[in-house]
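Structure record follows, encoded as structure tokens.
Residue numbers (the working numbering): 11 to 444.
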């Protein structure tokens, strides 16, 4: 038997493949793959989202946090009648000549809830308290402290114009006025306006219900005893707290292991009870990323590669007609993507206009060199001198950065070098409804 020697090995077909060199940037995009810019992702989400909650009518005094589905109109003017803005003396401006005036004082007084019984005689004054209806014949009030009275006459320095220290009927709200437009979320201060205008009931969208699901074999429920290979599921309680803070109700779908059958079952449960499903973990393209695989093969996956840091894998899809947002599994990425992407979707589904966070240009208290390609959100905290600093690390698993921060610094997609003192865009958490 002839055996090939070293000289004969050249005739053996090559079976090895060339290993490509690793890029210098571990977050570089694969060749030929374009990631969706944040602005384009938000634009598509806004265009594809419409109110999903039903409509109901409730008592206006109990509408805190509800979103109006119809524009309420004032049933009554506010104030309903002209009244005094101060404690003092009321009279007709035409009855004085200017300078120091002295008028006979009518007996009694006008008080809130106890109006003057009839018209005031011409050329007289009457004592009046704050909020009391102006008697007929009274159009001006002078402050008690700037007047003197012996019980029969009152003397005062004449005001320069009629109508001083009075509140005219309907000057705040006119009967039939539109108080708020549809889509407005009712705040505590809004309830005062509704009640003052005689609005007893308002038409609102039913509170949105949002299901939350965590996935991963490595996760242990917060109250459980983790194995050595497990970590606590911090995302689900965090996301459910965010959703509750935004005024929506939650449905806990629990924590699923990395099994398609179980994830499918929990997604099905969410479609039966919720208006939207938010998942964390499994949204990338790895062997155990069952969420994105299920949404792609059995649902309708719209897009999931977003040029954002932290984040990147973000699944926007529908499962049996119900919108699903698949967030990354790292807690920081899940938190940031919930603020940037989940909140506006939820607000729009709930009947509100699409919200855009308000940012402020503040001097940086840090330095950074940023590469081009992705929009970045850094955990940040406002300093006493008005500058803004960022957390010591950009790692997506360091939850202490969330507790330390009170907002985000947003860096646009182009490459940039930031030096201390340079203006950066600071987004306080209050701009995200927190």
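Beta carbons are placed, not taken as given, at the ideal position from N, Cα and C, and that holds for glycine.
Please report the residue range of the alpha helix (DSSP H) in which residue i lies.
i	result
residue 283	270-283
residue 345	341-347
residue 48	48-57
residue 288	First-last for residue 288: 286-290, but that is the beta strand (DSSP E), not the alpha helix (DSSP H).
residue 355	353-359
With DSSP collapsed to three states, give me the class of residue i.
i	result
residue 69	strand
residue 430	coil
residue 248	helix
residue 39	Unreliable placement is indicated for residue 39, whose pLDDT of 47 sits below 50; the coordinate value is still reported in the next sentence. Three-state DSSP puts residue 39 in coil, outside helix and strand.
residue 408	coil
residue 158	strand
residue 199	helix
residue 81	coil
residue 302	helix
residue 437	strand
residue 236	coil
residue 256	coil
residue 324	strand
residue 94	strand
residue 222	strand
residue 442	helix
residue 209	coil
residue 192	coil
residue 476	A question about residue 476 goes unanswered here, because the residues of the chain that appear run from 11 up to 444.
residue 45	coil
residue 372	strand
residue 135	strand
Please go through the same chain and pick out, in chain order, the residues whose beta-carbon is closer than 6 Å to the beta-carbon of residue i, but skip the five residues on each side of it.
i	result
residue 333	286
residue 434	374 and 419
residue 14	Since pLDDT at residue 14 reaches only 39, below the 50 mark, its modelled position is unreliable, and the value read off the structure follows with that caveat. If we look at residue 14 and ignore the five residues flanking it on each side, it has no Cβ neighbours.
residue 382	424 and 425
residue 175	95, 96 and 151
residue 289	223, 301 and 336
residue 407	340
residue 331	none
residue 119	137
residue 316	46, 51 and 324
residue 25	At residue 25 the pLDDT is 43, less than 50, meaning the model places this residue with poor confidence; the figure from the coordinates comes in the next sentence. So the list is empty, once near-sequence residues are dropped.
residue 177	89, 93 and 95
residue 445	This structure gives no information on residue 445, because the portion of the chain shown stretches from 11 to 444.
Using alpha carbons as the reference points, say which of the options lies closest to residue i.
i	options	result
residue 395	431, 153, 289 and 407	431
residue 390	438, 338 and 268	438
residue 205	338, 272, 90 and 352	90
residue 364	53, 45 and 46	53
residue 165	108, 252, 190 and 416	108
residue 190	356, 377 and 76	76
residue 46	57, 384 and 376	384
residue 143	125, 339 and 149	125
residue 123	117, 141, 116 and 106	141
residue 79	211, 169, 415 and 317	211
residue 392	369, 402, 417 and 380	417
residue 115	203, 320, 161 and 82	161
residue 428	351, 192 and 372	372
residue 421	378, 444 and 440	378
residue 329	282, 61, 247 and 249	282
CB-CB under 7 Å to residue i, same chain, minus the five flanking residues each way: which ones, in chain order?
i	result
residue 167	110 and 156
residue 179	87, 89, 90, 91 and 92
residue 243	224, 229, 230, 231, 232 and 265
residue 442	349, 353 and 367
residue 404	388
residue 263	221, 222, 223, 276, 279 and 280
residue 33	Model confidence at residue 33 stands at a pLDDT of 42, short of 50, so the residue's coordinates are unreliable and nothing is read from them.
residue 400	376, 388, 389, 390 and 419
residue 38	Note that residue 38 has pLDDT 45, beneath the 50 cutoff, so the model's placement of it is unreliable and the number below is only indicative. Taken in chain order, the list of residues that qualify is empty.
residue 98	138, 151, 152, 153, 154, 157 and 175
Tell me which same chain residues have a C-beta within less than 8 Å of the C-beta of residue i, skipping the five on either side of it?
i	result
residue 36	Low confidence applies to residue 36: its pLDDT is 37, below 50, so where it sits in the model is not reliable enough to give any reading.
residue 356	218, 220, 253, 256, 258 and 286
residue 270	300, 303 and 304
residue 342	320, 389, 405, 406, 407, 408, 409, 411 and 412
Less than 7 Å between CB atoms is the rule here; does residue i satisfy it with respect to chain D?
i	result
residue 261	Among the protein chains of the structure shown there is no chain D, as only one such chain exists.
Between which two residues does the beta strand (DSSP E) carrying residue i extend?
i	result
residue 314	310-315
residue 336	332-337
residue 399	398-400
residue 150	150-153
residue 418	417-421
residue 379	378-380
residue 228	Note, residue 228: premise wrong, no beta strand (DSSP E); not H, not E.
residue 110	110-120
residue 103	No beta strand (DSSP E) holds residue 103; DSSP gives it neither H nor E.
task = Would you be able to state if there are at least three C-beta pairs under 8 Å between the stretch 127-139 and the stretch 100-107?
result = yes
message = Three or more C-beta pairs under 8 Å: does that hold for the stretch 244-257 against the stretch 210-228?
response = yes
Meets three-Cβ-pair contact criterion under 8 Å: the stretch 68-77 and the stretch 119-133 = no
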